[in-house]
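2 protein chains.
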Amino acid sequence: MPATADVPTPEIPGTNVLFDAWLVSRAANAQLDEALVSSGLTADEFAVYSVLSHEPLTPTELAVWMSAPLTTVSSYVKRFEARGHVTRLPNADDRRSYRLTLTEDGATVHQRAGERFLPGLRAVEAALGGETAAVRRALASLRAALESARSSAEPGHR
Amino acid sequence: MPATADVPTPEIPGTNVLFDAWLVSRAANAQLDEALVSSGLTADEFAVYSVLSHEPLTPTELAVWMSAPLTTVSSYVKRFEARGHVTRLPNADDRRSYRLTLTEDGATVHQRAGERFLPGLRAVEAALGGETAAVRRALASLRAALESARSSAEPGHR
DNA sequence: TGGGAATACTACGACATCGCAGGAGTATGC
DNA sequence: GCATACTCCTGCGATGTCGTAGTATTCCCA
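Right, here's the structure in full:
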């Protein structure tokens, strides 16, 4: 978001669903980034810490989950390890790989970030009122639609 | 998205609306990027070309619209100008500023990119079926909610 | 109407993202 | 058992993002 004065948001009608989604996500990301600066995490990083706190994943799983290339995840790992927020659990199933978890420090930072994050989330939910559930359902639909569109676009598999 | 084999998408329930939105947008962006590679534009760039083709904006307006810092827009301008896809219209109202429009070339590229973009969009809309309108409404609600949450977070103005 | 404060943008540098190429472990066919 | 193909991950380099600081123009009011 620009550090400048109040420029009215240009009212250009999103021409389609994907456009709408793009705009919303940019706004959400910007807002989260702002709320999280003091925690030292970006919105993306916070999201990753959140999944990892919930369940250790391999780099590839993480990449799939967040629709990012593996190289990006690789640099995440390097960064998070350097911060001492994440460690590797050996993966007995496949010794080429490993699982990522938060360290104690990582969990603490995530916790703190969560505190910065919550007020904004609550404000959004409050603004949505009873619509929250409907919006979440809509997002789930869109996700499913993207998924199915993806498979129809790519014939064979992969 | 990873260039690797079929790893099942980890089923971690998005814990809240913003999380859901984040996931969806990553997926959408990845998909669009992939569809657009042959056009030479990224999803973000395509979005920007699209607004500019619709209406010339100043850098600041563009920054507000896409919730990006002005410096990012600045580098966009540089890049797009270097490609010969965008030019500056003098802004009589404010000589510090200017308006951005697509050149003929830029319009052509945008057109081409639109052709790459359409099938994916149609597939998503098809997968959504009658829900498309509802989803778009939900996204609009979320956008509005973000907006109002933002103003409540920032007391006076800034 | 003159001059400080505000605003629009840009330069530059730090760091993030991600494509390409490659090394290490695993699976499969023989 | 071993050769070969495959998958998992990393190093490197090109490019993109964005914060800090600075210049140009406009606004505002004394």
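Those protein sequence lines, which keep their order, are chains F and P. Heads up: the first sequence at position 31 corresponds to 31 in my numbering, and the numbers run straight through without jumps. Residues are numbered in my numbering as their position in the second sequence, beginning at 1, plus a constant of 158. From the three backbone atoms N, C-alpha and C, an ideal C-beta is built for every residue, glycine too. Bear in mind the structure is a predicted one, so any value in this text is a computation, not a measurement.
Beta-bridge partners of residue i, as assigned by DSSP
{"i": "F/S98", "result": "The question names Ser, but residue 98 of chain F in the sequence shown is Tyr. Per DSSP, F/P90."}
{"i": "P/L215", "result": "P/L258"}
Inter-residue Cα distance where the pair is residue i and residue j
{"i": "P/S196", "j": "F/S151", "result": "19 Å"}
{"i": "F/L146", "j": "F/A134", "result": "18 Å"}
{"i": "P/W180", "j": "F/A43", "result": "9 Å"}
{"i": "F/A149", "j": "F/S67", "result": "15 Å"}
{"i": "F/E34", "j": "F/D93", "result": "40 Å"}
{"i": "F/A47", "j": "F/T108", "result": "15 Å"}
{"i": "F/V124", "j": "F/K78", "result": "33 Å"}
{"i": "F/R26", "j": "F/G106", "result": "26 Å"}
{"i": "P/P227", "j": "F/R95", "result": "43 Å"}
{"i": "F/A127", "j": "P/A302", "result": "8 Å"}
{"i": "P/G287", "j": "F/R122", "result": "31 Å"}
{"i": "P/T290", "j": "F/V86", "result": "40 Å"}
{"i": "F/N29", "j": "P/W223", "result": "13 Å"}
{"i": "F/P90", "j": "P/V175", "result": "33 Å"}
{"i": "F/R83", "j": "F/R116", "result": "20 Å"}
{"i": "F/V24", "j": "P/V182", "result": "10 Å"}
{"i": "P/R295", "j": "F/Y76", "result": "35 Å"}
{"i": "P/F238", "j": "F/F80", "result": "34 Å"}
{"i": "P/F177", "j": "P/L276", "result": "27 Å"}
Chain-order list of residues whose beta-carbon lies under 7 Å from that of residue i (same chain, five-residue window excluded)
{"i": "F/V73", "result": "P59, L62, A63"}
{"i": "F/T71", "result": "none"}
Residues of its chain near residue i, where Cβ-Cβ distance is below 6 Å and the 5 sequence neighbours each way are ignored
{"i": "F/G32", "result": "Correcting the residue identity first, residue 32 of chain F is Leu in this sequence and not Gly. Answer for F/L32: A43, listed in chain order."}
{"i": "F/Y49", "result": "H110"}
{"i": "F/A113", "result": "L36, S39, L41, F46"}
{"i": "P/R246", "result": "Y256"}
{"i": "P/A311", "result": "none"}
Beta-carbon proximity list for residue i, same chain, < 8 Å, skipping 5 on both sides
{"i": "F/L139", "result": "none"}
{"i": "P/L300", "result": "V175, A179"}
{"i": "F/G120", "result": "Q31, L32, A35"}
{"i": "F/S97", "result": "T58, P59, T60, N91"}
{"i": "P/T173", "result": "none"}
With a threshold of 8 Å, are at least 3 pairs of Cβ atoms found where one atom belongs to the segment 92-110 of chain F and the other to the segment 45-54 of chain F?
yes
What runs of the beta strand (DSSP E), each 3 residues or longer, lie entirely inside the segment 102-131 of chain F?
none
Contained alpha helix (DSSP H) runs [length at least 4] in the segment 15-74 of chain F, N- to C-terminal order:
17-36, 43-54, 59-65
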